[in-house]
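Residues 882 to 1023 (our numbering) are what the sequence shown spells out, left to right.
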Amino acid sequence: MNKTKSLLNMRGSADAYRILVVDDDARYLDLLQFALTAEGYRVDIAPNALAAHEMAVLNKPDVIVTDIAMPEQDGYALAAGLKSDTRTAQIPLIFVSARAQADRNIGYRIGAAEYVTKPFSVDELVKKIRSLVCEAKSKDSV
């Protein structure tokens, strides 16, 4: 991650943190893209796990927010693929799911940094993203 990125200069900055949002629901993607862009993040969206992995390799997002229940390849498979790829293994993942405890346990075992249960507030998600960005930034400066 670029060490010059600053949380204080996040809104509207060309140096804004990049978030990749993954979901097969276009309405959800649009909502999160709008909300996170309004918070000052650069947001990429992917409609499935395969596209997400390719985008993660190309764009090196600071955080990936992914749904679990997706057709063809679910969020768990995406996480496993990202964590086994040296180019993406260090990117923090936030899992989003309507199912609570069972998904949460599996998600953390696979390597999720955070977990959000649907329905959730955008503020809750933004707090988790900020926390992960701050954590990664402090690791980069060590």
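Just so it is clear, CB atoms sit at the ideal spot from N, CA and C, and this is done for glycine as well.
It should be emphasised that the depicted structure is a prediction, and the values quoted were computed from it without experimental measurement.
Candidates the options: closest to residue i by CA position
i    : options                    : result
P928 : Y898, V944, L959 and V1003 : L959
M936 : I972, L912 and A993        : I972
S965 : D925, E1016, Y898 and H934 : H934
I975 : T969, A993, S1012 and Q954 : A993
G921 : V938, A897, V1014 and D905 : A897
Exposure label - residue i; buried when at least 16 CB within 10 Å
i     : result
S978  : buried
L1006 : buried
T967  : exposed
K1009 : buried
V924  : buried
P942  : buried
E1016 : exposed
E953  : exposed
A930  : buried
V902  : buried
Cα-Cα separation between residue i and residue j, rounded to whole angstroms
i     : j    : result
S1019 : N940 : 21 Å
K886  : I900 : A caution first: K886 carries a pLDDT of 43, below 50, which makes its placement in the model too unreliable to give a value.
T998  : A981 : 6 Å
D948  : A916 : 17 Å
A950  : T969 : 21 Å
Residue ranges of each beta strand (DSSP E) within the stretch 919–997, 3 or longer = If we require 3 residues or more, the beta strand (DSSP E) runs fully inside the stretch 919–997 come out as 923–927, 944–948 and 974–978.
query = Taking contact to mean at least 3 C-beta pairs separated by less than 8 Å, is the stretch 978–987 in contact with the stretch 906–921?
reply = No contact exists between the stretch 978–987 and the stretch 906–921.
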